[in-house]
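The structure under discussion appears below in the form of structure tokens.
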Amino acid sequence: MADAQSDVGLIGLAVMGQNLALNVAEKGFDISVFNRTAEKTDAAVKRAEKEGLAARLHGYHELRDFVASLKRPRRVIILVKAGAPVDSTIKQLTEFLEPGDIIIDGGNEWYENTERRQRELAARGIHHIGMGVSGGEEGARNGPAMMPGGDEGAYSHLRPIVEKVAAQTEDGACVTYIGPGGAGNYVKMVHNGIEYGDMQLIAEAYDVLKTVGGLSNEELAAVFTDWNAGELDSFLIQITSIIFTVKDELADGFLVDKILDKTGMKGTGKWTIQQAAELSVAAPTMAAALDARFISGLKDERVAAEAALGALGVQPPGPLPGVDKAQLVQDVREALYAAKICSYAQGYNIIRAKSAEKGWGVDLAELGRIWKGGCIIRAKFLDRIKLAYQRDPELPNLLVSPRFGPDLAAKQAAWRRVVSTAVAAGIAVPGITGSLGYFDSYRRARLPANLVQAQRDFFGSHTYERVDRPGWSHTVWDSSFGSADSITTSGYNN
Ligand code: 2AM
Numbered sequence: 198m199a200d201a202q203s204d205v206g207l208i209g210l211a212v213m214g215q216n217l218a219l220n221v222a223e224k225g226f227d228i229s230v231f232n233r234t235a236e237k238t239d240a241a242v243k244r245a246e247k248e249g250l251a252a253r254l255h256g257y258h259e260l261r262d263f264v265a266s267l268k269r270p271r272r273v274i275i276l277v278k279a280g281a282p283v284d285s286t287i288k289q290l291t292e293f294l295e296p297g298d299i300i301i302d303g304g305n306e307w308y309e310n311t312e313r314r315q316r317e318l319a320a321r322g323i324h325h326i327g328m329g330v331s332g333g334e335e336g337a338r339n340g341p342a343m344m345p346g347g348d349e350g351a352y353s354h355l356r357p358i359v360e361k362v363a364a365q366t367e368d369g370a371c372v373t374y375i376g377p378g379g380a381g382n383y384v385k386m387v388h389n390g391i392e393y394g395d396m397q398l399i400a401e402a403y404d405v406l407k408t409v410g411g412l413s414n415e416e417l418a419a420v421f422t423d424w425n426a427g428e429l430d431s432f433l434i435q436i437t438s439i440i441f442t443v444k445d446e447l448a449d450g451f452l453v454d455k456i457l458d459k460t461g462m463k464g465t466g467k468w469t470i471q472q473a474a475e476l477s478v479a480a481p482t483m484a485a486a487l488d489a490r491f492i493s494g495l496k497d498e499r500v501a502a503e504a505a506l507g508a509l510g511v512q513p514p515g516p517l518p519g520v521d522k523a524q525l526v527q528d529v530r531e532a533l534y535a536a537k538i539c540s541y542a543q544g545y546n547i548i549r550a551k552s553a554e555k556g557w558g559v560d561l562a563e564l565g566r567i568w569k570g571g572c573i574i575r576a577k578f579l580d581r582i583k584l585a586y587q588r589d590p591e592l593p594n595l596l597v598s599p600r601f602g603p604d605l606a607a608k609q610a611a612w613r614r615v616v617s618t619a620v621a622a623g624i625a626v627p628g629i630t631g632s633l634g635y636f637d638s639y640r641r642a643r644l645p646a647n648l649v650q651a652q653r654d655f656f657g658s659h660t661y662e663r664v665d666r667p668g669w670s671h672t673v674w675d676s677s678f679g680s681a682d683s684i685t686t687s688g689y690n691n
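Quick note: the sequence shown uses our numbering, first residue 198, plus one each step.
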């Protein structure tokens, strides 16, 4: 194929890349594809033939030919492993690119790597867009949510393609320009942190219903199916309801019960919590989800601890006698929803803080809109988040939005009952509890932080502010602990 004719190119033909390439072809664009290992290119071409898309998907074994097949400005999506493989792919690719061409990295890349590449490539007139893609393999094939960040002018060349390739909702395509620099990767990272939180909250709900309520898998499937018809309507609740119905093919029983209780992870959740700490933004629900994954990894230690502490009378949790199952199911549903609102509030506040620090101008309402479809956290309630930020773009916290405050007020009794029940039964619900602690801290005008300030001043002369007069004070709380000679001094500046 000598004539430049493809609308877009894609490098990296693992499953996500193959699926995205087929999706692009299906939407009526010509796409050239390339992979380091040629067999995957051939496999992608074979799949395109099978799916009736061979006329639009063109495989290349040489990078030079691949680039030559693209219309200018060339748009090349790369979906290779994040980190060094992206650098080496860009290095090889840029040998054949020209000023004005656009590289789009669709991987889960650390945002600062994207910003470094943007600077390096800008020196050669090449644009680089970091575009988070969510939706898993199925989303890539049928319509993911996409979060592109970088030069807005370069994005305008990409927009007609991604707006067709993205998932579609009644509210438009699940893609929007996120902001300059690494904003797109950053928002995708927090999306994944929110996803960690959602999955942990659902797992805790499952644990309480199963362990305290004694619900069978059939009952759990019915409960989650019912929940998915209401305010909890979401992809993760839906797939959870299906998981409970799947029988084990190798033995009797359900597959879910045969799966080892050790959670894997790839890093975006950890990055989110590191960022929360960097920005001094509280994110206890997502942090609980991350901690839960760490502890889940200690399977052998947990088995030994259960035996050792069991011998001392610390018994594993079990069903509570006389529990009202219907009430428990209703309470857990409300607790899950309330806890989820708090988790999203944390995620949105991380993005808000970073956007302010970097001057990205991220539109939080738009994130609610594009996450309504395609991505793993897609959920009905994201529409309400969109409306909350449309109504007040400066909203300090979703908890005080007129859209969510009343929900939290209405659900707090059930939420507290679930936490009490779980704690009494000895079931860890750190996500649901973390959310409640977040709510209970944020909603109080006065916290016990006055005592912490007193302690800091006592042992470190860190000074404190008073509630009744301006300025900073220091007190010698007990002269036997220090040598300062004045009792109170003002004007400290810590
Ligand atoms: P491969 O098929 O040749 O291994 C996911 O691993 C994708 O990233 C695959 O398409 C893989 O190509 C690609 N990939 C991983 N490391 C790479 C590298 N250093 N250079 C180019 N592509 C790489």
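All residues carry an ideal CB built from backbone N, CA and C; glycine is no exception.
Cβ-Cβ distance between residue i and residue j below 8 Å
| i | j | result |
| --- | --- | --- |
| Gly214 | Asp239 | no |
| Arg272 | His354 | yes |
| Ala364 | Asn220 | no |
| Ala218 | Ala241 | yes |
| Gly297 | Pro270 | yes |
| Arg490 | Met462 | yes |
| Glu335 | Ile574 | no |
| Tyr545 | Leu561 | yes |
| Val409 | Leu533 | no |
| Gly327 | Gly347 | yes |
| Val283 | Ile274 | no |
| Met483 | Thr460 | no |
| Ala693 | Lys608 | The requested residue 693 does not occur in the structure, where the chain is confined to residues 198 to 691. |
| Arg530 | Trp612 | no |
| Ala550 | Val478 | yes |
| Ile299 | Ile287 | no |
| Val615 | Val526 | no |
Burial state of residue i, where buried means 16 or more other Cβ atoms lie within 10 Å
| i | result |
| --- | --- |
| Thr465 | buried |
| Asp449 | exposed |
| Asn647 | exposed |
| Phe441 | buried |
| Asp675 | exposed |
| Phe678 | exposed |
| Arg321 | exposed |
| Leu417 | buried |
| Ser203 | buried |
| Ala505 | exposed |
| Val405 | buried |
| Ala681 | In this prediction, Ala681 scores a pLDDT of 49, lower than 50, which makes its location untrustworthy; no coordinate-derived value is stated. |
| Glu649 | The sequence shown places Val at residue 649, not Glu. Exposed is the call here. |
| Ser552 | buried |
| Asn691 | Note on Asn691: pLDDT 43, under 50, position unreliable in the model; no value is reported. |
| Lys247 | exposed |
Residue span of the alpha helix (DSSP H) that contains residue i, given as start and end
| i | result |
| --- | --- |
| Arg181 | Only positions 198 to 691 of the chain appear in the structure, and residue 181 is not among them; the question remains open. |
| Phe451 | Phe451 -> no alpha helix (DSSP H), and no H or E assigned at all. |
| Val404 | Rather than Val, the amino acid found at residue 404 in this sequence is Asp. Ala380 to Asp404 is the extent of the alpha helix (DSSP H) around Asp404. |
| Ile138 | Because the chain spans 198 through 691 in this model, residue 138 falls outside it and cannot be assessed. |
| Asp284 | Ala281 to Thr291 |
| Asp497 | Lys496 to Gly507 |
| Ile159 | The displayed coordinates of the chain run from 198 to 691. Any statement about residue 159 would go beyond what the structure contains. |
| Phe656 | Ala646 to Gly657 |
| Ser477 | Counting along the chain, Ser477 falls outside any alpha helix (DSSP H), and DSSP gives it neither H nor E. |
| Val409 | Taken as a continuous stretch (DSSP letters only), Val409 belongs to no alpha helix (DSSP H), as it is neither H nor E. |
| Phe263 | Leu260 to Ala265 |
| Lys463 | Taken as a continuous stretch (DSSP letters only), Lys463 belongs to no alpha helix (DSSP H), as it is neither H nor E. |
N-terminal and C-terminal residue of the beta strand (DSSP E) that residue i is part of
| i | result |
| --- | --- |
| Tyr257 | Leu254 to Tyr257 |
| Gly206 | Val205 to Ile208 |
| Phe678 | Here Phe678 belongs to no beta strand (DSSP E), and DSSP marks it neither H nor E. |
| Ala342 | Ala342 to Gly346 |
| His671 | Trp669 to Thr672 |
| Arg272 | Arg272 to Ile275 |
| Asp692 | Missing from the structure shown is residue 692; the chain here goes from 198 to 691 and no further. |
| Ser229 | Ile228 to Phe231 |
| Asp302 | Ile299 to Asp302 |
Among the options, nearest to residue i - alpha-carbon criterion
| i | options | result |
| --- | --- | --- |
| Asp628 | Ala402, Tyr308, Ala342 and Glu335 | Here the sequence assigns Gly to residue 628, which means Asp is not the residue at that position. Of Ala402, Tyr308, Ala342 and Glu335, the residue nearest in Cα terms is Ala402. |
| Ala370 | Leu452, Trp568, Leu495 and Lys237 | Trp568 |
| Arg261 | Val559, Gly390 and Leu290 | Leu290 |
| Pro345 | Pro357, Val330 and Asn339 | Val330 |
| Glu259 | Ala251, Ser229, Gly280 and Ser285 | Ser229 |
| Val520 | Lys407, Asp589 and Phe432 | Lys407 |
| Arg581 | His671, Arg566, Arg653 and Gly249 | Arg566 |
| Asn382 | Ile548, Gln397 and Asp445 | Ile548 |
| Lys455 | His324, Asn414 and Tyr374 | Asn414 |
| Val387 | Thr373, Ala252, Thr422 and Gln472 | Gln472 |
- Whole alpha helix (DSSP H) runs in the region 413-447 with 4 or more residues, listed along the chain? 414-424 and 432-440
- Segments assigned beta strand (DSSP E), at least 3 residues, entirely inside the region 588-613: none
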